[in-house]
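> Read top to bottom, the protein sequences are chains U and R. Read in this note's numbering, the first sequence has 211 at position 211, and its numbers run on one by one without any break. Here this note's numbering = 1-based position in the second sequence + 237. Even for Gly, the Cβ is constructed at its ideal location relative to N, Cα and C.
2 protein chains.
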Amino acid sequence: MAVKQDAKHADVPPICRSCKARRGGLCGALNTSQLAELAKASSRHEVLAGTELSDDETYSTLLSGVVKLTRNLSDGRQQIVGFHFAPDFLGRQFEAKWPIKAEALTKVALCSFPSTIIERMTNDTPELGHRLLEHALNELDEARDWMAALGRKTASEKIASFLLMVARNIDRANHPASSTSFDLPLTRADIADFLGLTIETVSRELSRLRSDGAIQIVNKRHISLASTSELEERCGD
Amino acid sequence: MAVKQDAKHADVPPICRSCKARRGGLCGALNTSQLAELAKASSRHEVLAGTELSDDETYSTLLSGVVKLTRNLSDGRQQIVGFHFAPDFLGRQFEAKWPIKAEALTKVALCSFPSTIIERMTNDTPELGHRLLEHALNELDEARDWMAALGRKTASEKIASFLLMVARNIDRANHPASSTSFDLPLTRADIADFLGLTIETVSRELSRLRSDGAIQIVNKRHISLASTSELEERCGD
DNA sequence: GTGCCGCCTTGATCGAAATCAAGGCTTTGT
DNA sequence: ACAAAGCCTTGATTTCGATCAAGGCGGCAC
Numbered sequence: 001m002a003v004k005q006d007a008k009h010a011d012v013p014p015i016c017r018s019c020k021a022r023r024g025g026l027c028g029a030l031n032t033s034q035l036a037e038l039a040k041a042s043s044r045h046e047v048l049a050g051t052e053l054s055d056d057e058t059y060s061t062l063l064s065g066v067v068k069l070t071r072n073l074s075d076g077r078q079q080i081v082g083f084h085f086a087p088d089f090l091g092r093q094f095e096a097k098w099p100i101k102a103e104a105l106t107k108v109a110l111c112s113f114p115s116t117i118i119e120r121m122t123n124d125t126p127e128l129g130h131r132l133l134e135h136a137l138n139e140l141d142e143a144r145d146w147m148a149a150l151g152r153k154t155a156s157e158k159i160a161s162f163l164l165m166v167a168r169n170i171d172r173a174n175h176p177a178s179s180t181s182f183d184l185p186l187t188r189a190d191i192a193d194f195l196g197l198t199i200e201t202v203s204r205e206l207s208r209l210r211s212d213g214a215i216q217i218v219n220k221r222h223i224s225l226a227s228t229s230e231l232e233e234r235c236g237d
Numbered sequence: 238m239a240v241k242q243d244a245k246h247a248d249v250p251p252i253c254r255s256c257k258a259r260r261g262g263l264c265g266a267l268n269t270s271q272l273a274e275l276a277k278a279s280s281r282h283e284v285l286a287g288t289e290l291s292d293d294e295t296y297s298t299l300l301s302g303v304v305k306l307t308r309n310l311s312d313g314r315q316q317i318v319g320f321h322f323a324p325d326f327l328g329r330q331f332e333a334k335w336p337i338k339a340e341a342l343t344k345v346a347l348c349s350f351p352s353t354i355i356e357r358m359t360n361d362t363p364e365l366g367h368r369l370l371e372h373a374l375n376e377l378d379e380a381r382d383w384m385a386a387l388g389r390k391t392a393s394e395k396i397a398s399f400l401l402m403v404a405r406n407i408d409r410a411n412h413p414a415s416s417t418s419f420d421l422p423l424t425r426a427d428i429a430d431f432l433g434l435t436i437e438t439v440s441r442e443l444s445r446l447r448s449d450g451a452i453q454i455v456n457k458r459h460i461s462l463a464s465t466s467e468l469e470e471r472c473g474d
């Protein structure tokens, strides 16, 4: 039984990458023949940093890279409303009702599935629908959690929370060494747009954390968390 | 055919109230016998203002009143992360992974359905699962839309956006006269906790909108929007 | 190499919203 | 009627983060 399970994963790795994601995978809901069909219909491709994702990528496993979700105001102010780190599953269209866009932050590798197949399988297999719903509700909880940060946390609490979030979600497969030392895949401007701050404030707060000994900053982008508990005390919740 | 549809709604009004909600209802996904079973198993009850909703209310139609969803920081700072206005359908548990609570803001009337039945029907009827997913995704879009307001809008833009949101969502059945004149079911403190502001700033910005002629304020709680387009210009997006 | 450009840091100053403070109105209880 | 408590408004002052400004560092084209 365990052997069969392993074999199943070995046969269709693109789909099953998402099983290890922070926001659960789908393949556990499907039987072997469904997985084979999905694998056959799937297409892998790459998206360059800065490119907006299209409707063809509605149902995809993010094999590597980071995607940001953004909402822009008319005068150009930008808010990042979420991230997808590999190996997340992307399970929705954007631009549905509100102008929320998905854009690759780094070079991104995707494994996409035709929406017709996913929708047919959802009809045949209620468990798949359950997982998609679960997935959406997790994203909802996460979005609401960040609303509290945006509305009520101070700049330094926002930075501390952000670093802990990245440490939790950074792609472990590509960065196995340590979850407390990682390359930030974001510019200071992206961090600022996520936290509702300016780049100067982000820079200052990071410097402050460094001089307080809570983190080390190597090469601007590479961060090392000296003390997770120190950050947890500073994150306000 | 149209007659049958009408009869269906007439037979099981509590379920179908949510069909008119801003975030779609479910009964369209179910056949007559399923609706009858749901109606039989449903229970109506009231919840007093200030009471937290329990797990028994996971699947409910909000017949009247307003519910707030809150996320608290450890030192007591509060962020309101969403509202449910009648006749919304509530379709999820709270306290799942993050400490988000649902609390009645006004006296609330609910029609609740046992989760066992909803889950069984979801297995039998994929269309019901689709609607629950759609519902969750709409809430997700809404949450992300407000993230942009929290992170990037000024105090006066937040207030303008808030008033327009309430005007769109206020229970039309109970307040049929006009969507531009309504009783705010919230205190200044609730508004502040929703917008990430203080009560003083909320009060000042409302006063400013009044003296600018964009709104009228009667009796503290009753607001009349003099000009929707004026507010739309002030809301930043 | 040199110059340019993008990204980041740090300092000085400014300003929007928070905080502190006082008082008004309405409701509730005695 | 009066007192007390909530809720709201308005004014004075403070503060946190934004804005303005200058410069550093690294990569890249030439």
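1) So, helix, strand or coil for R/G473, using DSSP?
2) By the 9 angstroms beta-carbon criterion, what residues does the region 377-397 of chain R contribute toward chain U?
3) Is there contact between the region 307-316 of chain R and the region 355-365 of chain R, where contact requires at least three CB pairs shorter than 8 angstroms?
4) If contact means a Cβ-Cβ distance below 8 angstroms, which residues of the region 447-469 of chain R contact chain U?
5) Examine chain U for any beta-carbon lying closer than 9 angstroms to the beta-carbon of R/H282, and answer yes or no.
6) In this structure, how does DSSP classify U/K158 when only helix, strand and coil are distinguished?
7) With DSSP run on the structure shown, which of helix, strand or coil describes U/D88?
8) Pick out whichever of U/K153, U/M121, U/E233 and U/I223 has its Cα sitting closest to the Cα of U/A29.
9) Out of curiosity, what's the CA-to-CA distance linking U/I217 and R/E394?
10) Could you tell me the boundaries of the beta strand (DSSP E) in which U/R44 lies?
11) Whole angstroms are fine: how far does the CA of R/G262 sit from the CA of R/D293?
12) Can you pull the chain R neighbours of U/N123, defined as C-beta to C-beta under 7 angstroms?
13) To which residues of the same chain is U/G196 closer than 8 angstroms at the C-beta, ignoring the five residues directly before and after it?
14) At 9 angstroms on the CB atoms, spell out the chain U contacts of R/D292, in chain order.
15) At what residues does the alpha helix (DSSP H) containing R/E437 begin and finish?
16) For U/S181 and U/T228, what's the separation of their Cα atoms in angstroms?
17) Check whether the Cβ atoms of R/F326 and R/S297 sit closer than 9 angstroms, and answer yes or no.
18) Quick check on U/N31: buried or exposed, where buried means 16 or more other Cβ atoms within 10 Å of its Cβ?
19) Among R/L443, R/I436 and R/L275, which one has its Cα closest to the Cα of R/S352?
20) Any idea what DSSP makes of R/T424, helix, strand or coil?
21) Give a yes or no on whether the minimum CB-CB distance between R/V439 and chain U is below 9 angstroms.
22) If you reduce the DSSP assignment to three classes, tell me which class R/T295 lands in.
23) Mind pulling the chain U residues with CB within less than 8 angstroms of R/L310?
24) Could you check the C-alpha separation between U/L225 and U/L164 for me, to the nearest Å?
25) So what does DSSP say about U/G82, is it helix, strand or coil?
26) Can you tell me whether U/R152 is helix, strand or coil according to DSSP?
27) Is the Cβ-Cβ distance between R/W335 and U/D141 less than 9 angstroms?
28) With C-beta atoms as the reference, is U/F83 less than 9 angstroms away from U/V67?
29) Grab the span of the alpha helix (DSSP H) containing R/S352 for me, first residue to last.
30) Using a Cβ-Cβ distance cut-off of 9 angstroms, determine whether R/D337 contacts chain U.
31) For U/L86 and R/E442, I'd like the C-alpha separation in whole angstroms.
32) Strictly under 9 angstroms for the Cβ-Cβ distance: is U/A104 near chain R by that measure?
33) Strictly below 9 angstroms CB to CB, what residues from chain R border U/A39?
34) Sorted by chain position, which residues of the same chain lie with C-beta nearer than 6 angstroms to U/A102's C-beta, five sequence neighbours on each side aside?
35) How about R/A380 and U/R144: do their beta carbons lie closer than 9 angstroms?
Per the coordinate set shown:
1) coil
2) Flagged, chain order: L377, D378, E379, A380, R381, D382, W383, M384, A385, A386, L387, G388, R389, K390 and E394.
3) no
4) none
5) So no, R/H282 is outside the interface.
6) helix
7) coil
8) Among U/K153, U/M121, U/E233 and U/I223, the Cα nearest to that of U/A29 is on U/M121.
9) Taking the CA atoms as reference points, U/I217 sits about 37 angstroms from R/E394.
10) Secondary structure note for U/R44: its beta strand (DSSP E) is the uninterrupted segment S43 to V47.
11) 19 angstroms
12) Contacts between U/N123 and chain R, judged by CB atoms closer than 7 angstroms, involve P363 in chain order.
13) Q79, L150 and K158
14) Result: empty, since nearest Cβ-Cβ is about 15 angstroms, beyond 9 angstroms.
15) I436 to S448
16) 11 angstroms
17) When the beta-carbon positions are compared, R/F326 and R/S297 come within less than 9 angstroms of each other.
18) exposed
19) With distances taken between Cα atoms, R/S352 lies closest to R/L275.
20) coil
21) Not one chain U Cβ lies under 9 angstroms of R/V439.
22) coil
23) A148, R152, K153, G236 and D237
24) 9 angstroms
25) strand
26) helix
27) Yes.
28) Remark: C-beta atoms of U/F83 and U/V67 approach each other more closely than 9 angstroms.
29) S352 to D361
30) Correcting the residue identity first, residue 337 of chain R is Ile in this sequence and not Asp. Interface residue, yes.
31) It is Ala, not Leu, that sits at residue 86 of chain U in the sequence shown. C-alpha separation (whole angstroms): 43 angstroms.
32) no
33) What U/A39 touches in chain R: nothing, since even the nearest Cβ is about 23 angstroms away.
34) L53, V67, L69 and F94
35) yes
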